[in-house]
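Here's the structure we're looking at; comments come further down.
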DNA sequence: TTGACAGGCAAGTGCTCGCTTGCATAACGT
DNA sequence: ACGTTATGCAAGCGAGCACTTGCCTGTCAA
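Residue numbers (the UniProt record's numbering), protein chains in the order written: chain A, 1 to 95; chain B, 1 to 95.
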């Protein structure tokens, strides 16, 4: 069962936010692609297992969806859970 | 120094999100008011010190601003840091 | 079939976080 | 002045989290 708090917990970690940045820049990357580009472009030295667990967390929150193809697993960002999150407090406050 | 990650960390805890709900419903409450209304309306049995620390976290993130008046300290919600947070990934992905 | 490649599973570790506990400070009423 | 009310500060504890380590499964090319 997926709850709202999972989205916030997934966004709490800076590495996971950078992963979402990467998938925003180039959608549908594999695990190894993400590892390589995080190291080069963002200067993060996270291991493969660490990033794999981060992707699991993001997938559990519904922010990342995956597609298997042979021995490759492609990761796609899904921004659907993002919008209603903040609107919760913006409705009455803004305008 | 206030960083972007503080906002996400502040939103990661369900109790702090409920506090923001309460301040959205009635802005400018004191610490004891928030404690009482969290207990009655939301069924949360958090102690005074716990909520005080949560308010410190929210204030450090810029989501809550305070105003001293005598022995009372009023807490006001500030939704300004909220909007640019999610827009970061919604730009390219949605629409 | 053998080896290399892409990814998964699970136990253990160190650190952070939420919460408690206990005492301290400051403002107000009487 | 005294007690009460509203809040602050700081050390300590237990649970959760990010990360590592080690091994295992499945896929493809030669």
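Glycine residues also receive a C-beta, built at the ideal position from the N, C-alpha and C atoms.
- Nearest CB-CB separation between residue 83 of chain B and chain A: below the 8 angstroms threshold.
- Close CB contacts of residue 76 of chain A within its chain, under the 6 angstroms cut and outside five residues either way in sequence, are with 27, 28 and 65 (chain order).
- Under the 10 Å beta carbon count, residue 18 of chain B is surrounded by 16 or more other beta carbons and is classified as buried.
- Inter-residue distance for residue 81 of chain B and residue 70 of chain A is about 43 angstroms (C-alpha atoms, whole angstroms).
- Under the rule that a run must span 4 or more residues, the alpha helix (DSSP H) segments found entirely inside the UniProt domain "HTH arsR-type" (1-95) of chain B read 4-12, 14-25, 31-42, 48-60 and 83-93.
- Taking C-alpha positions only, residue 67 of chain A is separated from residue 40 of chain B by approximately 46 angstroms.
- For the C-beta of residue 8 of chain A, the chain B residues within less than 9 angstroms are, from N- to C-terminus, 8, 11, 12, 13, 14 and 17.
- Proximity of chain B to residue 57 of chain A at the Cβ level (cut-off 9 angstroms) is not reached, the minimal Cβ distance being about 12 angstroms.
- Within 10 angstroms of the beta-carbon of residue 8 of chain A lie 16 or more other beta-carbons, which makes it buried.
- Residues of the same chain with a CB within less than 8 angstroms of the CB of residue 73 of chain B, apart from the 5 flanking positions on each side, are 30, 31, 66 and 67 in chain order.
- Here residue 22 of chain A is buried: its Cβ has 16 or more other Cβ atoms, across all protein chains shown, within 10 Å.
- Neighbours of residue 5 of chain B in chain A, taken as residues whose beta carbon is under 7 angstroms from its own, are 14 in chain order.
- Chain A has no Cβ within less than 8 angstroms of the Cβ of residue 30 of chain B.
- Between residue 66 of chain B and chain A, the shortest Cβ-Cβ separation is not below 8 angstroms.
- For the pair residue 52 of chain B and residue 15 of chain B, the CB atoms are not nearer than the 8 angstroms cut-off.
- It is roughly 28 angstroms from the alpha-carbon of residue 85 of chain B to the alpha-carbon of residue 37 of chain B.
- In this structure, residue 90 of chain A lies near residue 83 of chain B, with their beta-carbon atoms less than 8 angstroms apart.
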